[in-house]
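Structure first, then comments.
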Amino acid sequence: AQSVTQLDSQVPVFEEAPVELRCNYSSSVSVYLFWYVQYPNQGLQLLLKYLSGSTLVKGINGFEAEFNKSQTSFHLRKPSVHISDTAEYFCAVSGRGTSGTYKYIFGTGTRLKVLA
Amino acid sequence: EAQVTQNPRYLITVTGKKLTVTCSQNMNHEYMSWYRQDPGLGLRQIYYSMNVEVTDKGDVPEGYKVSRKEKRNFPLILESPSPNQTSLYFCASSAVLAGGPREQYFGPGTRLTVT
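Chains as they are written, first to last, in the working numbering: chain A, 690 to 805; chain B, 1151 to 1265.
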């Protein structure tokens, strides 16, 4: 079965500092990996995705993530955060299960709070 | 404009009164899905559909029904709502690759309160 773990429920960081939000997944099959962002009182929008190819993927707003198959991780990074990056970030995995299911699994989210 | 629409955006109802939340997408996506979002629990998949007349349970299907009679529509039905179904609900759609669904496009959400 697939699962996604975001160990950090909250991450405070000062403006212009770097940040890393951690995501680990488990799956017995090949998966696709995603990061979504949810600003307060809004829906979810895609930050970046890994489908295949280069393991370093770049997304919107200066974010990037690296797919590490051996460590089953897909950590999100930004070298310098802004106040406007304050939001909740969700890691997600999709894949075809052995029983033919196509579930889409989200982590529990990491609330990033950027401090002035 | 590519979009997923949901209605209503806000709904307050009473225990046991059947309700339907509609979802429609205009991107010709095969995959559609319903999620509920609760504090500290992230998004949990309720049901999903791979195509017309093909639906399957997600992780929290109890108390919900869905149907997919047309490719663009995927309504969520609560036959007898209970207070523990008070939540924020999202509909989403995506294209599908050989290995699974691609990135999801989300609707604006429906905030449901059951008293």
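Note that the Cβ used here is the ideal one computed from N, Cα and C, for glycine as well.
*Three-way DSSP call (helix, strand, coil) for residue 1234 (chain B) in this model*: helix
*Following the continuous beta strand (DSSP E) through residue 1186 (chain B), name the residue where it begins and the one where it ends.*
1181–1188
_For residue 695 (chain A), tell me which candidate among A:750, A:702 and A:761 has the shortest Cα-Cα distance._
A:761
*Taking Cβ positions only, does residue 1229 (chain B) come closer than 8 Å to chain A?*
no
*Helix, strand or coil: which one does DSSP assign to residue 1206 (chain B)?*
strand
*Between residue 710 (chain A) and the rest of its own chain, which residues show a CB-CB distance below 6 Å, the 5 nearest in sequence each way excluded?*
765, 778 and 799
*Compare the beta carbon distance of residue 720 (chain A) and residue 783 (chain A) with 8 Å and say whether it is the shorter of the two.*
yes
*Check whether the segment 1184–1192 of chain B touches the segment 1243–1250 of chain B, counting contact only when three or more Cβ pairs, one atom from each stretch, lie closer than 8 Å.*
no
*From the DSSP output, read off the bridge partner residues of residue 706 (chain A).*
In the DSSP output, where bridge partners are listed per residue, residue 706 (chain A) has none listed.
*Do you know whose CA, among B:1222, B:1221, B:1235 and B:1252, lies nearest residue 1214 (chain B)'s CA?*
B:1235
*Buried or exposed (CB count within 10 angstroms, at least 16 for buried), residue 743 (chain A)*: exposed
*Per-residue DSSP class, three states only, for residue 713 (chain A)*: strand
_Contact with chain A by residue 1183 (chain B), beta-carbon distance below 8 Å_ = yes
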